[in-house]
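In the numbering used here, the protein residues as written are 242 to 394.
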């Protein structure tokens, strides 16, 4: 505390009952500050909140991770079993044949697609839409791959 102009009074830091006279600068610095007890109460409340939240998050994420990991492991085991059975018995893969049987449509005009552009994340195009959509300089390097028609009619 300074002793320049003692026009303002504040409670003393040690005892709340006694008041001390201070200057305007000291008054402005200390008038809005909470007491030590108030600060300690706030810190305790925040610590309780953080501890409770972290324990809740740890328990829920651990349970969720275990169930998700179990689901993935079960799906992997099932896929491996199906692959082993199909290779032993010589059965063709059902998903591969069904993908080739369905018609493929152009992503721009909904006509039957005739080419695939690997640079465009394997999107299917008809010839016209591929030429029209790949006119820009940045798309000139894209190469069209012809879609092989399945002849299993």
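Glycine residues also receive a C-beta, built at the ideal position from the N, C-alpha and C atoms.
Residue i versus residue j - alpha carbon distance
i	j	result
residue 386	residue 291	57 Å
residue 370	residue 311	45 Å
residue 279	residue 294	23 Å
residue 337	residue 288	Confidence at residue 337 is low in this model, with a pLDDT of 49, below 50, so the placement of that residue should be treated as unreliable; the coordinate-derived value is given next. Each residue's Cα considered, the two are about 57 Å apart.
residue 347	residue 358	11 Å
residue 297	residue 389	55 Å
residue 313	residue 321	12 Å
residue 354	residue 379	22 Å
residue 260	residue 277	17 Å
residue 343	residue 350	17 Å
residue 368	residue 316	39 Å
residue 382	residue 376	10 Å
residue 372	residue 356	11 Å
residue 283	residue 323	60 Å
Helix, strand or coil at residue i [DSSP, three-state]
i	result
residue 347	coil
residue 381	coil
residue 367	coil
residue 376	coil
CA nearest to the CA of residue i, picked from the options
i	options	result
residue 361	320, 384, 314	384
8 Å contact criterion, which residue i and residue j should meet: CB distance rounded
i	j	result
residue 364	residue 345	Incorrect: roughly 10 Å between the Cβ atoms, too far for contact.
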